[in-house]
Amino acid sequence: MANVVIQTQSLCKQFGGAGGVLAVDNVDLTVRRGEVFGFLGPNGAGKTTTIGILLGLLHPTAGQARLFGQLVTPRHVTPLRRVGSLVGAPAMIPGFTARENLRVLARLHRNVDAARVDEILDLVGLTQAADRAVKGFSLGMKQRLGLGAALLHRPELLILDEPTNGLDPAGMREIRELLRELAAQGVTVFLSSHLLHEVEQICDRAAVLSRGRVVAQGDVSTLLGDQAVVRARVPDPLAAAQVLQELVGVITVSANGNYIEVRGARSEEVNLHLVQRGIVPSELTSGRADLESVFLELTR
Amino acid sequence: MFANLWAVEHYKTFKRKVFWITLAGTVGLLVVLVLGLYFAAQIAVQQGAEVGDLPTLLWPNGLVVVLNDFLSPGFIGGIVAVILGTALWAEEYRWGMLHLWLSRGVPRATLLSAKAAALVLPLFLSLTAGLLVAGGVTGALTALSAGAAPAGQVDFGQLALSLLRSTAAVLPIAALTLFLGVLTRSTAGALGAGMGYLLLGEQILGGLLGVIGLSSIGMYLPITLGKLLTMHNNALLRGFQGVQTLPVGGGVACAGVLLWTAVFLGLAVWVFGRQDLSV
């Protein structure tokens, strides 16, 4: 348990009272120390609501959320002192400079001095713009500053919602590298992102949320491995698809032009099954699904 | 945590333009009022009218008029309280600053209390600046009219105490604005509802209480109590013996405004503690 940084148990959030919208429905999550955890889901899946509960901004309707083993609700916020977060549009005082905004935050923490503010500005690439008013910043610059604010007090857990939003490709790469580096230093990263390749590249584990429910959770490699795709060119794809439904372990079969795509079975099983039923594939390929196709499959 | 937040709020307030604009606006408005009234009275006198209000704008009365009439909770003092209360709380909803503090483990009640406490000094400074500048203008006008400002006739100790009482008198309005900011979660809502109550709401409420025969209760409404407190200032500064003739005693008025402040802040903490803050 000491190794678990985030844990939610049967977490629910309903807006609008009884009969309202169930935004989070019995969500169970476990995030361990030092891992980069991806949190995926389409718009409206309940990701931001879950994050809102984890940050003590929303009251859960049922269930509980724990950070570092301690309960978190709007009335129980002590564990949040060990958390840095960037959720939605970065919060800033528009008329203040980047340095002033960080100094305001620094005053809240005993372990943050002026040198740390400079260090953070350098880390997020804003040293040159440190004394410019934030209201003139681009979205990417604001995002960098928001990330800097999240890192300022050396948190043990980072909760980030779309941290690379608004960044150019080089900036996105820098942030990804930074997150990996932080994880190597023992910082746990909880990353909500729409950029599936980003999650695929930097996350150790991930959870997929759909309509408020966790539909998959585990190692990214396992999530992808479970979803290997076998593609076969056959004379009658519809007939082949029907035949393959009988094969044990098959999750989905779909016909696409002259091809069928099969998930949940190995290529040799597909080949053997088709040949035994008189359908001879003229082409057979097997590939690992990317996270995007897994995501689309899980959230369909 | 509370002391850190309180210091942070002061740092933010004094670095933000809205405070300095409010301060400049308060001072400017007071100077315009004083000069406008003075010259209007001068013109009236030249046209053969009775001396009328002219002497009240000269020292020592000029200082009392500035503090107790112009900077009263029902007028410029109240307006300053609404503006600063809105800027300190409701605007930060829009910027997401409240979410930032709360997601760093700041308890909601501590955040709100620190912000409320951090309102006192800006309010005091706004009233002080208004009194110093507009009081200075009345002094200059006195010197212009009478050759010299009779500083010896001014009880500066009592004036300083009156400044503290005047600051206390506007606290319920600032606390009400905070509460409205929490309730509406919007700058326009807090500013509009705060100004609405200040300029109309309490008068209507007082009128309605009068209609149903409860006008004595109307004396204990927040702005009315604040005004009564500043009336005691009047009496004490001018050395009147009429303190006892006011419907509510000075101690009761002072306790009343502090109680209203606590009630509005308590309500704000209660509502804020139950709110879901969208991310």
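In the order they appear, the protein sequences are chains A and B.
Throughout the first sequence, residue numbering follows my numbering, covering 17 to 316 in sequence.
Throughout the second sequence, residue numbering follows my numbering, covering 399 to 677 in sequence.
We put the CB at the ideal spot given by N, CA and C, even for glycine.
Tell me which same chain residues have a C-beta within less than 6 angstroms of the C-beta of residue i, skipping the five on either side of it?
i             : result
residue 504/B : none
residue 386/B : The shown model of chain B, from 399 to 677, leaves out residue 386/B, and the question about it has no answer.
residue 202/A : 50
residue 533/B : 461, 464
residue 30/A  : 36, 38, 77
For residue i, which residues of its own chain have a beta-carbon under 7 angstroms away from its beta-carbon, when the five flanking residues on both sides are left out?
i             : result
residue 44/A  : 24, 25, 26, 230
residue 162/A : 102, 106
residue 599/B : none
residue 119/A : 133
By the three-class DSSP mapping on this structure, what secondary structure does residue i have?
i             : result
residue 652/B : helix
residue 226/A : strand
residue 535/B : helix
residue 311/A : helix
residue 281/A : coil
residue 299/A : strand
residue 115/A : helix
residue 402/B : helix
residue 641/B : In this prediction, residue 641/B scores a pLDDT of 49, lower than 50, which makes its location untrustworthy; the coordinate-derived value is nonetheless stated afterwards. Residue 641/B falls in the helix class under three-state DSSP.
residue 522/B : helix
residue 502/B : coil
residue 543/B : helix
residue 92/A  : strand
residue 153/A : coil
residue 124/A : coil
residue 180/A : coil
residue 293/A : coil
residue 528/B : helix
residue 82/A  : strand
residue 249/A : strand
residue 631/B : helix
residue 570/B : helix
residue 287/A : helix
residue 577/B : helix
So, for residue i: in the same chain, excluding its five sequence neighbours on each side, which residues have a beta-carbon less than 8 angstroms away from its beta-carbon?
i             : result
residue 19/A  : 48, 49
residue 629/B : 466, 644
residue 667/B : 506, 507, 510, 511
residue 329/A : Lying before the first or after the last residue shown, residue 329/A is absent from chain A, which here runs from 17 to 316.
residue 181/A : 155, 159
residue 640/B : Unreliable positioning characterises residue 640/B in this predicted model, as indicated by a pLDDT of 48, which lies under 50. The coordinate reading is nonetheless provided below. So the qualifying residues of the chain are 633.
residue 254/A : 271
Thinking residue i and residue j are a contact (beta carbons under 8 angstroms), I'd like their distance in whole angstroms, please.
i             : j             : result
residue 90/A  : residue 72/A  : 5 angstroms
residue 465/B : residue 561/B : 7 angstroms
residue 493/B : residue 551/B : Not quite, the Cβ-Cβ distance comes to about 49 angstroms (not below 8 angstroms), so this is no contact.
residue 527/B : residue 421/B : 5 angstroms
residue 244/A : residue 302/A : 6 angstroms
residue 429/B : residue 568/B : Not confirmed; about 20 angstroms, so no contact.
residue 164/A : residue 183/A : Incorrect: roughly 13 angstroms between the Cβ atoms, too far for contact.
residue 361/B : residue 104/A : Residue 361/B lies beyond the residue range present for chain B, which begins at 399 and ends at 677; the question has no answer from this structure.
residue 596/B : residue 476/B : 5 angstroms
Could you tell me which residues DSSP puts in a beta bridge with residue i?
i             : result
residue 272/A : 275/A
residue 29/A  : 40/A
residue 54/A  : 207/A, 222/A
residue 146/A : The partner list for residue 146/A (beta bridge, DSSP) is empty, contrary to what the question assumes.
residue 235/A : 221/A
residue 100/A : 174/A
residue 48/A  : 20/A
residue 192/A : Paired residue(s): none; residue 192/A is not in a bridge.
residue 87/A  : 82/A
**Message:** Pairs of beta-carbons, one from the region 615–624 of chain B and one from the region 514–531 of chain B, closer than 8 angstroms: are there three or more?
**Reply:** no
**Request:** Would you check if there are 3 or more beta carbon pairs closer than 8 angstroms linking the region 150–159 of chain A to the region 121–129 of chain A?
**Result:** no
**Asked** Just checking, does the region 170–183 of chain A make contact with the region 195–212 of chain A on the three C-beta pairs under 8 angstroms criterion?
**Response** yes
**Message:** Taking 8 angstroms as the cut-off, does the region 585–593 of chain B touch the region 602–614 of chain B (at least 3 CB pairs, one atom from each stretch)?
**Reply:** Too few Cβ pairs lie closer than 8 angstroms, so no.
**Message:** Under 8 angstroms: do the region 408–416 of chain B and the region 479–496 of chain B share three or more Cβ pairs, one atom per stretch?
**Reply:** yes
**Prompt:** Any chance the region 244–255 of chain A sits against the region 277–292 of chain A, with 3 or more Cβ pairs inside 8 angstroms?
**Reply:** yes
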